Amino acid sequence: MRVNPFQIAARLAVVSFCLAIASAVQAQGPVLLTVSGDIAGPDAAQFDLEALRALGESDIETETIWTDGAHRYTGVRLSDLLDHVGATGSQITATAINDYSVTIPVSDATADGPIIAYEMDGAAMSRRDKGPLWVIYPFSSSSDYRTEVIYSRSIWQLDRMTITE
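The numbering of the sequence shown is my numbering, which starts it at 1100 and goes up by one.
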């Protein structure tokens, strides 16, 4: 079998690029979120608040079934986070601080889909207020987001995600 040196170089470049992306933004302060499983790079990517902010901020203004009235949630798009870590699986097991977990299909991670919120109305969310991280869907934007299945995926006190096939 003949080895093509250009194919080897191209594969090494792709692997190096994925490792650089996965490690470009890592936690320097207290870790809020750990992402592991089918991702590029290290065994797990860890994010503090600043590392999450560095991925780009997005806002969703929505009502929820757990809060009174509409609120503005700020966070990182789930799609941006998954792109950043090089996620290749089809399922996310999202787990909260108290070990409660839900399964979120990677297909939910669209440009207009959920964010991992770290602020509500411009203020950090405490554990008492479902923080420090809460998966928020744009519930008010479409009745497609106001279903029991989607509500069940809106996990609060999120602290880890595992990507699997």
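From the three backbone atoms N, C-alpha and C, an ideal C-beta is built for every residue, glycine too.
Only a predicted model underlies this, so the values are computations on that prediction, with no experimental measurement involved.
Practice task
Within the same chain, show all residues whose beta-carbon is closer than 6 Å to that of Trp1255, passing over the 5 residues directly before and after it, in chain order.
Solution key: Lys1229, Trp1233
Practice task
Note down, in chain order, each residue of its chain lying with its Cβ closer than 7 Å to the Cβ of Tyr1250, except the 5 sequence neighbours on either side.
Solution key: Ile1164
Problem - For Arg1259, the first and last residue of its enclosing beta strand (DSSP E) - result: 1257-1263
Handout entry: Asp1243 (DSSP reduced to helix, strand or coil)
Key = Helix.
Exercise for the section: Assign Leu1181 to one of three DSSP states: helix, strand, or coil. Expected result: helix
Exercise for the section: Could you tell me the distance, in whole angstroms, from the CA atom of Ile1262 to the CA atom of Asp1167? Expected result: 33 Å
Problem - Ordered list of alpha helix (DSSP H) runs contained in the region 1129-1158, each at least 4 residues - result: 1148-1153
Exercise for the section: Quick one: give me the first and last residue of the beta strand (DSSP E) that Ala1169 is part of. Expected result: Taken as a continuous stretch (DSSP letters only), the beta strand (DSSP E) holding Ala1169 covers 1169-1176.
Handout entry: Residues near Ser1206 by beta carbon distance below 7 Å, same chain, minus five either side
Key = There are no such residues.
Exercise for the section: Starting from the N-terminal side, write out each stretch of the beta strand (DSSP E) that is 3 residues or longer and does not extend beyond the region 1184-1224. Expected result: 1190-1195, 1200-1204, 1214-1219
Handout entry: Rounded C-alpha distance that separates Ile1120 from Val1134
Key = Model confidence at Ile1120 stands at a pLDDT of 43, short of 50, so the residue's coordinates are unreliable and nothing is read from them.
Problem - Same chain, Cβ closer than 6 Å to Ala1216, five either side skipped, listed in chain order - result: Tyr1172, Gly1174, Trp1233, Ile1235
Problem - Ile1254 - DSSP class collapsed to helix/strand/coil - result: coil
Practice task
Using the Cα positions of Ser1122 and Ile1191, report the straight-line distance between them to the nearest angstrom.
Solution key: In this prediction, Ser1122 scores a pLDDT of 44, lower than 50, which makes its location untrustworthy; no coordinate-derived value is stated.
Practice task
Let me know the secondary structure DSSP gives Glu1164 once reduced to three states.
Solution key: Reading off the sequence shown, one finds Ile at residue 1164, where the question assumed Glu. Ile1164 falls in the coil class under three-state DSSP.
Handout entry: Through-space distance from Ala1193 to Leu1180, alpha-carbon basis
Key = 13 Å
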